[in-house]
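Structure record follows, encoded as C-alpha cells.
There are 2 protein chains.
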Amino acid sequence: MMNVQLTVPSMMERAEKFFKKKQVISRGTKGIDRLNYEQIAARTRRLSCMLHELGVKRGEKVGTFAWNHHRHLEAYFAIPGIGAVLHTINIRLDPQQIVYVINHAKDKILLVDDCFLPLFEKIESHLPHVKAYIIMTDEPELPETTLKNCYHYDQLLEKGDPHYPFLHDIDENEPAGICYTSATTGNPKGVVYSHRGIYLHSMSLGMADGGSLSEADIAMPVVPMFHVNAWGLPFAAVWLGTTLVMPGPFFTPQLLAELIESEKVTLAAGVPTIWLGLLKELESKKYDTSSLRAVLCGGSAAPKSIVKAFEEKFDIPFIHAYGMTETSPLVVLSRLKSYQTNLDKEEQYDYKAKQGFLVPGVEMKVVGKDGEVDWDAQSMGELLLRGPWIASEYYEDERTSEAFKGGWLYTGDVVTVDEEGFIKIVDRTKDLIKSGGEWISSVDLENALMAHEGIFEASVVAIPHETWQERPIACVVLKEGYKEKVSKEDVMAFLTPQFAKWWLPDDIIFMEEIPKTSVGKFLKRALRTQVLEHYEINNV
Amino acid sequence: MMNVQLTVPSMMERAEKFFKKKQVISRGTKGIDRLNYEQIAARTRRLSCMLHELGVKRGEKVGTFAWNHHRHLEAYFAIPGIGAVLHTINIRLDPQQIVYVINHAKDKILLVDDCFLPLFEKIESHLPHVKAYIIMTDEPELPETTLKNCYHYDQLLEKGDPHYPFLHDIDENEPAGICYTSATTGNPKGVVYSHRGIYLHSMSLGMADGGSLSEADIAMPVVPMFHVNAWGLPFAAVWLGTTLVMPGPFFTPQLLAELIESEKVTLAAGVPTIWLGLLKELESKKYDTSSLRAVLCGGSAAPKSIVKAFEEKFDIPFIHAYGMTETSPLVVLSRLKSYQTNLDKEEQYDYKAKQGFLVPGVEMKVVGKDGEVDWDAQSMGELLLRGPWIASEYYEDERTSEAFKGGWLYTGDVVTVDEEGFIKIVDRTKDLIKSGGEWISSVDLENALMAHEGIFEASVVAIPHETWQERPIACVVLKEGYKEKVSKEDVMAFLTPQFAKWWLPDDIIFMEEIPKTSVGKFLKRALRTQVLEHYEINNV
C-alpha cells in the first residue's frame with residue numbers, strides 16, 4: 001500500500017476542493033457571519049502564511065484562547081498546516097494555571113479573543129516565550145491595549161497568501177495539537193494529539209456506528225473549542241464538508257434553541273448542563289427542533305430522566321458519550337444495538353442512560369480487585385483503554401507513570417459492564433467507598449438522592465471508619481421550598497428500599513451549597529475536608 | 001498517542017466480544033447455515049491454530065478458491081490472524097493463469113470448495129509450493145479424490161483450539177492479503193493489501209459518507225469473495241457486527257430476491273449484470289424489498305436507466321461505486337451532496353449515473369494532454385489516485401512502473417470531472433479514440449447505441465486512419481426480433497442528433513456476438529483484431 005500519511009491539512013484540502021459552497025455559520029458580537037469553505041480555506045492558508053512569517057517553526061506551539069467561532073476554526077487548521085502545534089487553552093482555568101500551561105507548552109504566539117485582552121495585559125510579564133499576540137475580533141481596528149507585539153487577526157490575514165501551501169511532508173506521528181486537562185491536585189497535565197490520532201478520531205466521528213457525522217449534517221458544537229478540541233468535531237466536520245454552526249461566546253439556552261430552529265441544526269454536542277438548560281427552554285416556549293437527528297452528550301453522566309425527556313417530549317434522540325482529554329475524546333457511545341430496539345422503552349432508556357460500548361478502533365479492559373471483572377452489570381473495576389487516538393503520556397510530566405501502565409490508559413473511572421458490553425460509570429477510583437472489603441459507588445447513591453423531589457443536589461463522600469475502613473456520608477442541598485421540610489429520616493426512608501443495607505449512608509448532612517470545580521463538577525476533595533471538619537476528624 | 005497498530009485480527013476480536021449474538025447467514029449446498037459471531041470467532045481461531053500446526057509461517061501465503069460462505073469468511077480472518085497472507089484466487093481465471101498466480105504467490109496451503117476438486121486434481125502436479133489442500137464442503141466426509149495431503153475443513157477444525165490467540169505484535173504495514181488482477185496482456189498482476197490498508201478501508205466502508213455500513217445492516221455481498229475481497233465488505237461487516245448474508249455458489253436473480261425478502265437484507269453489493277438480472281426478477285414477480293436501504297453497484301458503469309428503474313419502480317436507492325483491485329477497491333461513490341437532493345429528479349439521476357466523488361481519505365488528479373484538466377464536465381484526462389488503501393506496486397512484477405509513477409496510481413481510466421467534483425468515466429486510456437488531435441469516448445458512443453430499442457449490445461473500437469490518425473467503428477449485436485430489421489442508416493440516424501459530427505462512427509458492423517473477458521467485460525483487443533480483419537487492414 002502507498003505510504004500516505006494521515007494528516008490534518010489533507011482534511012482542509014478536501015473541504016476546499018469538494019465543498020466550496022458549504023458554510024460555516026458563526027455567531028459573532030455583531031451578528032451571524034456566513035463563510036463558505038472556499039473562503040475558510042483561503043483565510044486558513046493566509047493565517048498559515050502569516051504564522052510562518054512571524055517565525056513559527058515546525059513543532060512549536062501556538063496557543064488559542066477563544067470561544068467557538070470561524071476564526072478559531074481557521075486556527076485549528078492553519079497551525080497544524082505548517083507543522084506547528086495547536087494549543088487550545090481552557091479559558092476557565094485560573095490565571096495562575098493559565099500562566100503555567102502557556103509556559104509549560106512554550107507557546108510562541110497566542111491567538112486571543114478581544115474580550116480576554118484585560119487578562120493578558122495582567123499576565124503578559126509572566127509569559128517569556130510568547131513573541132506576539134493576534135487578537136481575534138469583530139471590530140475593524142485593534143482595541144487599545146498595553147500588550148506589546150499585538151496584531152489584528154483580520155488585518156494580519158490581508159497580508160497573507162490565500163494560496164499558501166500546507167506542509168506536505170508531515171509524518172502522521174508528528175504532534176498537531178495539545179490540550180491540558182485539569183488535575184485534582186497540582187498543575188494541569190498536557191495531552192499531545194498527533195496528526196494520525198486526530199485523523200483516525202475524525203474517521204470514528206464519521207462512522208455510522210460512531211458519531212455518524214456526514215456532509216448532510218448541520219453540526220453545532222456547543223462544547224467549547226478549548227475543551228478537548230470541541231470533541232474533535234471541528235476537524236471531522238471540515239473534512240466531511242459538514243455545515244458548522246458556531247454559537248460564539250454568549251450562548252444561552254434561548255439562543256441555542258433559536259439557532260437550532262433557524263439554522264436547522266441536525267446534530268448538537270455538549271455537556272449535560274447545556275441539555276438541562278435547553279430542555280427547560282423547550283418546555284417554556286415552542287421551537288421547531290424537528291431538524292435535530294441527535295444530541296450528543298458527554299463530559300459527565302446524564303441522568304435517565306434527561307434522556308427520556310428529550311426522546312419522549314421532543315422526539316430528539318439522545319446519545320450518551322464517554323471520553324476524556326486523554327482519549328481525543330470519543331471512545332464509548334450509548335448507541336443501541338439493532339436488536340435492542342425491540343426491547344420495551346424503559347429498558348431502552350436504561351441502556352441509553354449508561355455510557356455505552358466501545359466505538360470501533362478502541363479496546364478496553366475492566367480490572368477489579370481480582371483481575372478482569374465479569375460482564376455481569378455488577379462487578380466493579382477500573383476502566384483501562386487502548387487505541388490509536390488515546391494518549392500514551394502526559395507531555396513532559398512525571399505524572400505519566402500514574403495513568404499510563406503496560407500500554408494501557410488507567411482512566412480512574414470505576415465501571416460495571418453488562419453482558420452487551422455496555423459500561424456504566426459507578427465512580428472515580430478515588431471517590432469509591434471501600435467498606436468492609438466491598439465497594440460502594442458514591443455516584444449511585446448521589447443519583448438516587450437527586451431523584452428525590454425535594455433534593456436539588458447531593459454528593460456522597462467517604463469518612464474513615466475503625467471497623468469498616470470507610471463509610472459513606474451524604475451531603476444534600478434541598479430545593480427552595482423544601483428547606484426545613486425534608487428530614488434526615490425522610491431521606492433515609494427514601495433510600496432504604498433502593499440499596500443493600502450496608503450501602504446506606506451513615507449520616508445525611510444538609511448544606512447550602514456543594515463546592516464545585518471550574519467546570520461545574522463536584523469538588524469532592526474540598527467537600528470531604530468539610531465533612532471531616534464537621535465530625536472533627538483529622539483530615540487523612 | 002499510543003502506538004496501537006491497525007490490524008485485521010483486532011477486528012474479529014471486536015465481533016467476538018460485542019456481537020456474540022449477531023449472525024452470519026450462509027447458503028450452502030444443503031440449505032442455510034446460521035452461525036453467530038461467537039461461533040464464527042471460535043471456528044476462526046481453530047483454523048488459525050491448524051494452519052499454524054500445518055507449518056504456515058508469518059508472511060507466507062495461503063490461497064482460497066471458493067464462493068461466498070461462512071468458511072471462506074473464517075479464512076479471511078484466520079490467515080491474517082497468524083500473520084500469514086490471504087490469497088483469494090479468482091475462480092474465473094483460466095487454468096494456466098490459476099497455476100501462474102498460485103506459483104507466483106508461492107501459496108503454501110490452498111482452501112478449496114469441493115466443487116473445484118476436479119480442477120485441482122488436474123493441475124496439482126504444476127503446483128510445487130502447495131503442501132496441503134483443505135477442502136471446504138457441506139458433506140460430512142472428504143469426497144474421493146486423487147489429491148494428496150488433503151484435509152476435510154470441518155474435521156480439521158475439530159482438532160484446533162477455539163481459544164487460539166491471534167498474533168498481537170503485527171506491524172500494520174505487514175501484508176494481510178493479496179489479489180491478482182487480470183491484465184489485458186500477459187499474466188495477472190498481484191496487489192498486496194496491508195493490515196493498515198484493510199483496516200482503513202473498513203473504516204471508510206463504515207463512514208456515513210462512505211459505505212455507511214453499520215451494525216444495524218444486514219449486508220449481502222453478491223460480489224464474489226475472490227474479487228477484491230468482495231469489496232472489503234466481509235472485513236468491515238465482522239468488525240462492525242453487521243449481519244452477513246452469504247449467497248453461496250449457485251445464486252440466481254430469483255434466489256437473490258428471495259434472500260432479500262426472507263433475510264430482510266438492507267445492503268447488497270454487486271456488478272451491474274447482477275442488478276440487471278434482479279431488476280427483471282422484481283418486474284416479473286412481487287417481492288418485499290422494503291428492507292433494502294441501498295444497492296451498491298461497481299465493477300463497471302451502470303447506465304442511468306438501471307439507476308432510475310431501481311429508484312422509481314422499487315424505491316431502492318442505487319449507489320454507484322468506482323474502484324479497482326489496486327484501490328482495495330472503494331475510492332469513489334455517487335452519493336449526492338445534501339444540496340443536490342433539491343435538484344429535479346432527472347438531474348439527480350444524471351449525477352447518480354456518474355461514478356461520483358472521492359470518499360474521505362483518498363486524493364485524485366485528472367491529467368489530460370496539457371496537465372491537470374478543468375472541472376468542467378468536458379475536459380478529459382486520466383484519473384490518478386493516491387491514498388492509504390491504494391497499492392504502491394504490483395507484487396514482484398516489472399509492470400509496476402507502468403501504473404505507479406511519482407507516488408500516484410495511473411488508473412488507465414479516462415474521466416471528466418464536473419464542478420461538484422463528480423467523475424464520469426469516458427473510456428480506458430487504451431480504448432480512447434484519438435481523432436484529429438481530439439479524443440472520442442468509445443464508452444459514450446456505446447451507451448448511446450445500447451439505448452436503441454433494437455440493440456442488444458454494442459462496442460466501439462478505433463481503426464487507423466491516414467488523415468485523422470484514428471476513427472471509430474461501431475460493432476452492434478441486434479436483439480432477437482430486430483435482426484435484419486435495423487439498418488446501418490437507422491443506427492446512424494439514431495446517433496446523429498446526439499453527437500458532434502466528427503464523433504460519429506465511420507461504419508457500423510453487425511455481429512452475432514461481441515467477444516468478452518472471463519468477467520463479462522468487452523474484450524476490445526480481440527474485437528479490434530476482428531474489425532481490422534473485416535477491413536483487411538494489417539493489425540498494428
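Protein chains in written order, with UniProt numbering: chain F, 1 to 540; chain B, 1 to 540. Beta carbons are placed, not taken as given, at the ideal position from N, Cα and C, and that holds for glycine.
Rounded distance between the beta-carbons of residue j and residue i, thought under 8 Å
i	j	result
V295(F)	A268(F)	5 Å
V101(B)	P188(B)	5 Å
V477(B)	F494(B)	Actually they do not touch by this definition, with Cβ atoms about 15 Å apart.
residue 548(F)	K424(F)	Residue 548(F) lies beyond the residue range present for chain F, which begins at 1 and ends at 540; the question has no answer from this structure.
K501(B)	Q469(B)	Actually they are not in contact, since the Cβ atoms of K501(B) and Q469(B) sit about 17 Å apart, beyond 8 Å.
L256(F)	P249(F)	Not a contact, Cβ separation roughly 13 Å.
T429(B)	G412(B)	5 Å
E396(B)	F404(B)	Contact flag wrong, Cβ pair sits at about 14 Å.
Short Cβ contact (9 Å threshold) for residue i with residue j
i	j	result
N90(F)	H129(F)	no
Q355(B)	V332(B)	yes
P360(F)	G31(B)	no
A176(F)	G197(F)	yes
G387(F)	V366(F)	no
P329(F)	V238(F)	no
I316(F)	L343(F)	no
T341(F)	I390(F)	no
Y164(F)	R46(F)	yes
L127(F)	H70(F)	no
Y199(F)	V191(F)	no
V531(F)	I508(F)	no
M225(F)	L409(B)	no
Alpha-carbon to alpha-carbon, residue j and residue i
i	j	result
Y535(B)	C115(B)	45 Å
I514(F)	N68(F)	30 Å
I440(B)	D431(B)	9 Å
R27(B)	A42(B)	20 Å
H452(B)	T496(B)	13 Å
P464(B)	S202(B)	45 Å
G298(B)	H152(B)	35 Å
L303(F)	V443(F)	In the sequence under discussion, the amino acid at residue 303(F) is Pro, which differs from the Leu named in the question. Straight-line Cα distance between these residues: approximately 11 Å.
I135(B)	L110(B)	8 Å
V62(B)	A462(F)	59 Å
H168(F)	L73(F)	20 Å
G59(B)	D138(B)	30 Å
T64(B)	Y339(F)	33 Å
D113(B)	S204(F)	37 Å
T467(B)	G437(B)	11 Å
G210(B)	D209(F)	12 Å
T44(B)	E38(B)	10 Å
I40(F)	K21(F)	11 Å
Touch test, the stretch 235-248 of chain F against the stretch 211-227 of chain F, Cβ-Cβ under 8 Å, three pairs minimum = Touching, yes, given that three or more Cβ pairs across the two stretches are closer than 8 Å.
Determine, using beta-carbon pairs with one atom in the stretch 9-19 of chain F and one in the stretch 75-90 of chain F, whether at least three such pairs fall under 8 Å.
-> As far as the Cβ criterion goes, the stretch 9-19 of chain F touches the stretch 75-90 of chain F, which means the pair count is three or higher.
Length at least 3, wholly inside the stretch 347-433 of chain F: the beta strand (DSSP E) runs in chain order | Listed in chain order, they are 363-368, 381-386, 408-417 and 423-428.
Touch test, the stretch 105-123 of chain F against the stretch 143-152 of chain F, Cβ-Cβ under 8 Å, three pairs minimum | Judged by pairs of C-beta atoms under 8 Å, the stretch 105-123 of chain F touches the stretch 143-152 of chain F, as three or more such pairs exist.
3-residue-minimum beta strand (DSSP E) runs that sit fully inside the stretch 87-128 of chain F, ordered along the chain | If we require 3 residues or more, the beta strand (DSSP E) runs fully inside the stretch 87-128 of chain F come out as 109-113.
Count the CB pairs spanning the stretch 280-300 of chain B and the stretch 257-265 of chain B that are closer than 8 Å, and state whether there are at least three.
-> Taking one beta carbon from each stretch, the stretch 280-300 of chain B and the stretch 257-265 of chain B have 3 or more pairs nearer than 8 Å; the two touch.
How about the stretch 400-420 of chain F and the stretch 362-382 of chain F: do they share at least three Cβ pairs that are nearer than 8 Å?
-> The stretch 400-420 of chain F is in contact with the stretch 362-382 of chain F.
Within the chosen definition, does the stretch 48-60 of chain B reach the stretch 153-163 of chain B through at least 3 CB pairs nearer than 8 Å?
-> Result yes; three or more Cβ-Cβ pairs closer than 8 Å.
Which residue spans inside the stretch 151-191 of chain F form an unbroken alpha helix (DSSP H) run of at least 4?
-> Scanning the stretch 151-191 of chain F for uninterrupted alpha helix (DSSP H) segments of 4 residues or longer gives 153-158, listed from N- to C-terminal end.
For the UniProt domain "AMP-binding enzyme C-terminal" (445-521) of chain F, which segments carrying the alpha helix (DSSP H) assignment without a break, of at least 4 residues, lie completely within its bounds, in sequence order?
-> Correct list: 488-495.
Could you tell me which uninterrupted beta strand (DSSP E) segments, each at least 3 residues in length, are contained entirely in the stretch 232-256 of chain F, listed from first to last along the chain?
-> Taken in chain order, the complete beta strand (DSSP E) segments of 3 residues or longer contained in the stretch 232-256 of chain F are 243-246.
Which residue spans inside the stretch 263-316 of chain B form an unbroken beta strand (DSSP E) run of at least 3?
-> With a minimum length of 3 residues, the continuous beta strand (DSSP E) runs that stay inside the stretch 263-316 of chain B are 267-270 and 294-297.
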